[in-house]
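Enquirer: Below is the structure I would like to discuss, written out as structure tokens.
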Amino acid sequence: MSDLKPILLVEDNPRDLELTLAALEKCQLANDVIVARDGEEALGMLTRRDPETGKPTQLPAVVLLDLKLPKIDGLEVLERVKSDPETRHVPIVMLTASREESDLVRSYKLGVNAFVVKPVDFKAFFQAIRDLGAFWAILNEPPVGCTRRPAGIPPAGKGA
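Per full-length UniProt numbering, the sequence shown starts with residue 1, numbered consecutively.
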């Protein structure tokens with residue numbers, strides 16, 4: 001049983017979804033990738049609570065969040081996640097085609113961890129996704145107490 005947290009990819013565009021998944025797979029990350037195709041589905045995954053503890057379950061290592069989504073847009077997802085004390089530490093990368101300055105400014109005001117404009121060039125897009133996946137899933141160190149592991153799995157370097 002792995003103690004790696006999954007990557008949550010929130011993307012409604014089938015082409016971008018396919019390219020992003022292929023790039024993440026090429027990185028050979030051990031993290032599972034969970035896909036949500038709209039903001040409502042993403043919030044459902046991020047706010048799912050353990051019935052006994054009331055704590056969020058299976059929080060991701062990072063959320064790669066599209067800005068323009070059906071049902072609930074990326075900015076509202078960002079705002080809700082960052083306003084909840086139980087989920088606000090989850091890194092969120094806005095991964096969008098938008099080059100609007102207002103989207104960038106509002107994202108940072110709401111607490112986004114990074115804002116990445118999807119490159120139009122296939123190779124550049126692929127490389128950007130690989131770099132994002134490697135950084136957030138492997139290199140980034142979350143604050144102590146933010147890593148949720150399955151029961152019985154000690155932190156690295158501890159226990160059995």
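Just so it is clear, CB atoms sit at the ideal spot from N, CA and C, and this is done for glycine as well.
All values reported here derive from a predicted model rather than from experimental measurement.
1) By Cβ distance below 6 angstroms, which residues in the same chain neighbour G74 in space, the five residues on each side in sequence not counted?
2) Are there 16 or more other CB atoms within 10 angstroms of the CB of K118, so buried, or fewer, so exposed?
3) Below 8 angstroms on the Cβ atoms is my contact criterion, and I expect L104 with F115 to pass it. Report the Cβ-Cβ distance as a whole number of Å.
4) Spatial neighbours of V93 within its chain, please: C-beta separation below 8 angstroms, excluding the five flanking residues on both sides.
5) Secondary structure at T96, three-state DSSP: helix, strand or coil?
6) Tell me, which residues are paired with P56 by DSSP?
7) For a quick check, are the C-beta atoms of V33 and L59 less than 8 angstroms apart?
8) What ranges does the alpha helix (DSSP H) occupy inside the region 60 to 129, keeping only unbroken runs of at least 4 residues that lie completely in it?
9) Tell me, please, which residues DSSP counts as bridged to A134.
10) Buried or exposed: which applies to N140, given that a residue is buried once 16 or more other Cβ atoms fall within 10 Å of its Cβ?
11) Near L19, which residues of its chain fall below 8 angstroms by C-beta distance, leaving aside the five closest residues on each side in sequence?
12) Determine the direct distance from the alpha carbon of E86 to that of P51, and round the result to whole angstroms.
13) By alpha-carbon positions, which one of C27, N31, I7 and V35 ends up nearest to N13?
14) Please classify A30 as buried or exposed, where buried requires at least 16 other C-beta atoms within 10 Å of its C-beta.
Expert: By the coordinates alone:
1) Walking along the sequence shown from the start, residue 74 turns up at place 74. Once the five neighbours on either side are set aside, the close Cβ partners of G74 are L65, D66 and L67.
2) Within the sequence shown, the letter at position 118 stands for residue 118. K118 comes out buried.
3) In the sequence shown, residue 104 corresponds to position 104, counting from 1. In the sequence shown, residue 115 corresponds to position 115, counting from 1. The Cβ separation is near 5 angstroms, so the contact holds.
4) The residue you call residue 93 lines up with position 93 of the sequence shown. Excluding residues within five positions, the ones whose Cβ falls inside 8 angstroms are V62, V63, L64, L65, V112, N113, A114, F115, V116, L132 and W136.
5) The sequence position of residue 96 within the sequence shown is 96, counting from 1. Reduced to three states, the DSSP call for T96 is strand.
6) The sequence position of residue 56 within the sequence shown is 56, counting from 1. DSSP output for P56 lists R49 as bridge partner(s).
7) As a first step, residue 33 must be located in the sequence shown, where it is residue number 33. As a first step, residue 59 must be located in the sequence shown, where it is residue number 59. For V33 and L59, no; Cβs fall outside 8 angstroms.
8) 74 to 83 and 101 to 109
9) Counting from one through the sequence shown, the residue named residue 134 turns up at place 134. Looking at the DSSP assignment, A134 forms no beta bridge with any residue, so it has no partner.
10) As a first step, residue 140 must be located in the sequence shown, where it is residue number 140. Result: exposed.
11) As a first step, residue 19 is located in the sequence shown; it is residue number 19 there, counting from the start. Closer than 8 angstroms at the Cβ level, and outside the excluded window around L19, lie F122, F125, F126 and I129.
12) Against the sequence shown, residue 51 aligns to sequence position 51. Against the sequence shown, residue 86 aligns to sequence position 86. Looking at the two C-alpha atoms, the distance is approximately 15 angstroms.
13) As a working note, residue 13 is residue 13 in the sequence shown. Checking every option, the nearest Cα to that of N13 belongs to V35.
14) In the sequence shown, residue 30 corresponds to position 30, counting from 1. It counts as exposed.
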